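One structure is given below, encoded as structure tokens.
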Amino acid sequence: SHPLLCPPGIKCGGVLSAPSGNFSSPNFPGLYPYETECTWLIVVAEGSSVLLSFSHFELEYHDTCAYDYLQVYNGAAQDQGNLLGTFCGHSPPPPFSSAWHVMAVVFRSDRHVAKHGFSAAYKKDACGGQLTGLSGEITSPRYPESYPNDAECRWSIGGTGGPLTLVFADFQMEGGQGCGFDYVALFDGPTVAAPRLGRYCGSARPPRTISSSPHLLIIFKSDFNIGGRGFKAHFYSAGECQEVFTTIKGNFSSPQYPNFYPNNLKCQWSIQLPPGYRVKIFFLDMELEGRSSLTGGCDYDHLSAFDGGTENGSLLGRWCGRESLAPVTSHSNRLLLVLHTDRNTAKRGFSISYVGVVPMNVSCTRTDFHIQIPVQALAQLERNRIYLGTPSCAAQVVGRNFKIHTRFDTCGTESQRRNNTSVIVSTLYIDFSVGDQEDIHQYEVQCEPKRKEASVTLIAGPDPSRLSQAENLVDAQQWEGEAIDAREVKSQDTSDIIFISICILAGLLMVIAVVGLVLL
19 SHPLLCPPGI KCGGVLSAPS GNFSSPNFPG LYPYETECTW LIVVAEGSSV LLSFSHFELE
79 YHDTCAYDYL QVYNGAAQDQ GNLLGTFCGH SPPPPFSSAW HVMAVVFRSD RHVAKHGFSA
139 AYKKDACGGQ LTGLSGEITS PRYPESYPND AECRWSIGGT GGPLTLVFAD FQMEGGQGCG
199 FDYVALFDGP TVAAPRLGRY CGSARPPRTI SSSPHLLIIF KSDFNIGGRG FKAHFYSAGE
259 CQEVFTTIKG NFSSPQYPNF YPNNLKCQWS IQLPPGYRVK IFFLDMELEG RSSLTGGCDY
319 DHLSAFDGGT ENGSLLGRWC GRESLAPVTS HSNRLLLVLH TDRNTAKRGF SISYVGVVPM
379 NVSCTRTDFH IQIPVQALAQ LERNRIYLGT PSCAAQVVGR NFKIHTRFDT CGTESQRRNN
439 TSVIVSTLYI DFSVGDQEDI HQYEVQCEPK RKEASVTLIA GPDPSRLSQA ENLVDAQQWE
499 GEAIDAREVK SQDTSDIIFI SICILAGLLM VIAVVGLVLL
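If you read the sequence shown in the working numbering, its first letter stands for residue 19, the second for the next number, and so on.
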């Protein structure tokens, strides 16, 4: 918590629990003292919000507010995830409305340069207000108890530059045709003059709503009788908190990384690659709130990965705390990551990179490698950008496929011994480089000649130093509508059969010759 470091006799900080009030920096309007830290905790009736405004503001200026500063928190001050902003200089902070009934203000001065400080006022607001930030929560008055009659509330949400998403977690109001009694109305902008996005009542939760601008207006209205439980909804801003990736590789991080992420978030990152690809993600850094001491599970802040484009897909993993995690690969061409954070205990967050695993078929005989990649998967590349071992062993275009067919004694292949087994190993290069930006993905291809078993492993993609965790990529790599050429498989099998047949025939001839000599 923040100590109250004021000189003796100076009033500084405290708990403000009246429905409204004023507070200011020590000695205001005189110069505030040096080396001072004050915390005001504003607590109003549960179900209400706090409206905070500043009438005067003058602190020492610094580009990053590293000297004297004022911080506003959407809740308790000891949690950086609640931080709404840090301010200094002569420009007053904007008006704030808390997402629930608690707000904290922290003032700090160093040992140099004192100014006149600030004066602020707050009041309880039964409902509605101006909301800012990456995310937040709104509820009807008295939720989850029945909302009052003849109420009208307006929440004007201003995001951080991108569209806003609104999700209702609970909804139960008086119904009626046309929603003419009690209702929630949504507008795609800051005023009722903006296009209306919907008007809802009854017990069915409204659909997820996405604005076209950084502003969203929510109006709640009840008539003179028949109420309900009301609603609870979450909003979050796009950009840092909701992104879609369609490129073959990329990276992203939690909001405000490497600084503390905000509380009360639900963020989504959707990776959508062409059919046939799979998505492989690498955890470069991760620090979230730890596991529950009661259940041992990730019950608080957590990151989840789903196979496919929605949360209805198979769960690939759910993580929290501070862990070193192995890469995760999807089974389809889409992967969804969802970050949930609760109201307290924010951490640094995470940084993730991903790469699309190119669909390919790799097979081998006792003497040759056969590699096949659908042209459609690498349509932007010339065939010489795909090669085995050296550029001289580039792929050929055969029908709808890039193909490489080479003997083991060429194209940089080498014999190794792994797990007491002799294997043939080479490297497949796929060059996505553009201009001066080198971007070469490397796959290790391996063959066990005795068994004629081949495998392929991604060994270098978005960040080679992080790709030490390899996995076999042969399984489930069939391109939609593209099957390996049956004639190619047949030719491999036939060559081995002919080889074995010749050996058997030679053995029989030798036996006949020996018997003939004995009889003579």
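From the three backbone atoms N, C-alpha and C, an ideal C-beta is built for every residue, glycine too. As the structure is a computational prediction, the values presented were derived from the model and not from experiment.
Suppose the cutoff is 8 Å on Cβ atoms and the five residues either side in sequence are ignored; what does the same chain contact list for residue i look like?
i: A63; result: P37, H119, K142
i: C106; result: L77, E78, Y79, H80, C83, Y85, D86, Y87, L88
i: S164; result: G245, G246, R247, G248
i: I404; result: I391, L396, A412, A413, F420, I422, L446, Y447, I448, D449
i: C197; result: R217, Y218, C219, G220
i: E432; result: I442, V443, S444
Can you name, in chain order, every residue of its own chain whose Cβ lies under 6 Å from the Cβ of residue i, other than the five neighbours on each side?
i: Y50; result: S43, P44, S127, A132, G135
i: R340; result: E305
i: H108; result: E76
i: R296; result: T347, S348, V375
i: T150; result: G176
i: A203; result: R217, I237
i: C145; result: P159, C171
i: P47; result: H134
i: D457; result: F450, S451
i: N226; result: Just to set this straight, residue 226 is Arg in the shown sequence, not Asn. Once the five neighbours on either side are set aside, the close Cβ partners of R226 are V185.
By DSSP, does residue i sit in helix, in strand, or in coil?
i: L306; result: coil
i: A323; result: strand
i: Q455; result: strand
i: V373; result: strand
i: R352; result: strand
i: V379; result: The residue you asked about is not Val; residue 379 is Asn in the sequence shown. Of the three classes helix, strand and coil, the one that applies to N379 here is strand, per DSSP.
i: P409; result: helix
i: A187; result: strand
i: Q398; result: coil
i: K29; result: coil
i: R384; result: coil
i: R403; result: helix
i: L291; result: coil
Going by beta carbon distance, what residues of the same chain come within less than 7 Å of residue i, once the five residues before and after it are set aside?
i: G32; result: W58
i: W497; result: Below a pLDDT of 50, predicted positions are generally treated as unreliable, and W497, at 38, falls in that range; the measurement from the model is reported next regardless. Contacts found: G294, P377, P392, A395.
i: N243; result: N167
i: R129; result: Y52, E53
i: R309; result: G315, C316, C338, G339
i: T328; result: L354
i: R425; result: T385, D386
i: P345; result: K298, I299, F300, Q487
Determine which residues share a DSSP beta bridge with residue i and list them.
i: E329; result: Per DSSP, none; premise fails for E329.
i: Q414; result: K421
i: A472; result: C465
i: V346; result: I299
i: E432; result: V443
i: G335; result: A323
i: L312; result: Looking at the DSSP assignment, L312 forms no beta bridge with any residue, so it has no partner.
i: S174; result: Q148, L235
i: L357; result: C285, L321
i: G367; result: E305
i: P392; result: N419
Residue i CB to nearest chain B CB: under 8 Å?
i: P232; result: Of the protein chains in this structure there is only one, and it is not chain B.
Less than 7 Å separating the Cβ of residue i from some heavy atom of the ligand GDP?
i: W58; result: The ligand content of the structure shown is nil, which means the ligand GDP is not present either.
For the stretch 245-255 against the stretch 174-190, do three or more pairs of beta-carbon atoms, one drawn from each stretch, fall closer than 8 Å, so that the two count as touching?
yes
Which runs of the beta strand (DSSP E) fall wholly inside the stretch 191-272 and span at least 3 residues, in chain order?
201-205, 214-218, 233-239, 248-255, 260-263, 267-271
What are the start and end residues of each continuous beta strand (DSSP E) run of 3 or more residues lying completely inside the stretch 31-84, in chain order?
32-34, 38-42, 54-61, 67-76
Jot down the residue ranges of each uninterrupted beta strand (DSSP E) in the stretch 83-159, minimum 3 residues, whole runs only, in chain order.
87-91, 101-105, 120-127, 135-143, 147-150, 153-157
Does the stretch 411-421 come into contact with the stretch 312-319, if we say contact requires no fewer than three beta-carbon pairs (one atom in each stretch) closer than 8 Å?
no
Should the stretch 274-293 be called in touch with the stretch 88-103, which here means at least 3 C-beta pairs below 8 Å?
yes
Validate contact between the stretch 378-387 and the stretch 455-466 using beta carbons, cut 8 Å, 3 pairs
yes
Three or more C-beta pairs closer than 8 Å, one from the stretch 215-227 and one from the stretch 186-201: is that the case here?
Contact holds between the stretch 215-227 and the stretch 186-201, because three or more Cβ pairs, one in each stretch, are under 8 Å apart.
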